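Visitor:
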Amino acid sequence: RAIDIDAKSAEAYAALGYIDFSRRRYREMVEPAQRAIAIDPNNVTANFWLANQLAAMGRLAEAETVNDRALGADPANALLIFYKSMARWDRGDKATAVKLGKRAQALGSPLGESVLGFSAAAEGDPDSGAESFSEGFGAFKSGFSKEELAAIFRGSYGDEAKRTAGLAVIAAHPHDQFAGTLLLLLGEPEQSFASFERDGIGLSDAYYTFLWQPDAWSRKARQHPAFQAFAKRIGLVDYWKQNRWPDLCQPTPERGPDAFTCQ
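Given below as structure tokens:
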């Protein structure tokens with residue numbers, strides 16, 4: 029309807045692309061998102077949602093470039109700074125990721141705490157990481173309490189007993205829209221893929237972006253044999269073949285028309 033009112037509105041086309049994204053129409057989301065940028069290359073909303081799409085699809089370098097363009101127009105935007113911090117984390121620049129995560133937090137976005145949580149865990153302090161992660165991920169307003177999120181995070185970086193405790197927490201919220209995301213952290217990709225397909229989540233990026241992190245649990249998911257069939261069923265493979273493969277994956281046509289491998 030907004031496009032009927034103003035066909036030259038970058039934000040209207042960006043919204044249409046976001047709707048397609050939320051409905052898992054991944055091939056269809058491309059055209060309106062690109063149209064939004066063509067109308068206004070520096071529009072913050074258009075660049076933000078395009079960056080979200082690209083990051084979710086695993087096109088990390090392109091996503092960061094687009095997010096940078098939005099930051100250039102709105103340098104104090106806490107949400108954009110958070111996405112920049114995650115881009116730096118995903119691409120191995122941990123020091124900058126932490127610095128930007130703290131800046132996002134200082135500007136009022138608790139999401140920045142997520143990066144601090146991953147960093148603390150990587151440095152051998154999962155308890156501190158759990159507290160930060162629970163504050164950051166808790167901003168998504170899931171059905172999980174901050175105490176439950178902390179328990180799940182400790183299970184991701186702790187021993188088997190802690191992992192089992194984390195799985196029990198998720199089992200108490202089996203149809204929460206973030207259950208699939210949190211199952212990734214606990215090293216259960218098959219359960220995670222099934223949860224995402226079954227129950228869905230409007231914010232596709234709040235699931236897919238967790239597939240491209242440098243952490244061991246993320247690598248396990250994208251390298252798991254079940255990821256091949258999941259990616260095909262959910263529409264990722266069709267998107268990749270139409271557009272571009274993720275930075276961390278490449279096609280292996282010798283194994284089949286839809287086969288691929290990931291780092």
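Each residue of the sequence shown is one higher than the one before, starting from 29 at the first, in this note's numbering.
C-beta atoms are modelled at their ideal positions from N, C-alpha and C, and glycine is treated no differently.
All values reported here derive from a predicted model rather than from experimental measurement.
So, for R29: in the same chain, excluding its five sequence neighbours on each side, which residues have a beta-carbon less than 8 Å away from its beta-carbon?
Guide: Residue confidence for R29 is low, a pLDDT of 47 falling below 50, so the modelled location carries little weight; the figure read from the coordinates is stated next. Excluding sequence neighbours, R29 sits near nothing in its chain.
Visitor: In whole angstroms, what separates the C-alpha of S137 from that of P285?
Guide: Roughly 43 Å separates the two Cα atoms.
Visitor: Looking at L139: is its Cβ nearer than 8 Å to the Cβ of A98?
Guide: Contact: no.
Visitor: R29 by DSSP, collapsed to three states: which one?
Guide: Bear in mind that a pLDDT of 47 at R29, under 50, signals an unreliable position, so the number given afterwards is only what the model happens to contain. Reduced to three states, the DSSP call for R29 is coil.
Visitor: Measure how close the beta-carbons of P1 and G194 come, nearest whole angstrom, since I'm counting them as under 8 Å.
Guide: Nothing can be reported for residue 1: it is not among the residues displayed for the chain, which extend from 29 to 291.
Visitor: Taking buried to mean at least 16 other C-beta atoms within 10 Å of its own C-beta, is R87 buried or exposed?
Guide: Burial call: buried.
Visitor: Which first and last residues belong to the beta strand (DSSP E) in which Q278 is found?
Guide: Taken as a continuous stretch (DSSP letters only), the beta strand (DSSP E) holding Q278 covers 277 to 279.
Visitor: Considering only residues of the same chain and omitting the five flanking positions on each side of V265, which have a CB-CB separation below 6 Å?
Guide: Result list for V265: A259, D286, in chain order.
Visitor: Across which residues does DSSP place F288 in a beta bridge pair?
Guide: In the DSSP output, where bridge partners are listed per residue, F288 has P279.
Visitor: Got a sec? Which residues, its chain only, sit under 7 Å from W77 by beta carbon, not counting five neighbours each side?
Guide: The answer, listed in chain order, is A42, G45, Y46, A61.
Visitor: Helix or strand or just coil, what does DSSP make of N80?
Guide: It is helical.
Visitor: By DSSP, does S37 sit in helix, in strand, or in coil?
Guide: It is coil, neither helix nor strand.
Visitor: In whole angstroms, give me the CA-to-CA distance for L177 and L128.
Guide: The straight-line gap from Cα to Cα measures roughly 22 Å.
Visitor: Going by the beta-carbon positions, is the gap between A314 and E92 smaller than 8 Å?
Guide: A query on residue 314 cannot be resolved here, the shown segment of the chain reaching from 29 to 291 and no further.
Visitor: Residues in the same chain with beta-carbon distance under 7 Å from Q133, minus the five sequence neighbours each way, listed in chain order, please.
Guide: Cβ within range, chain order: G140, E141.
Visitor: On the three-state DSSP scale, how would you describe P217?
Guide: Correct three-state label for P217: helix.
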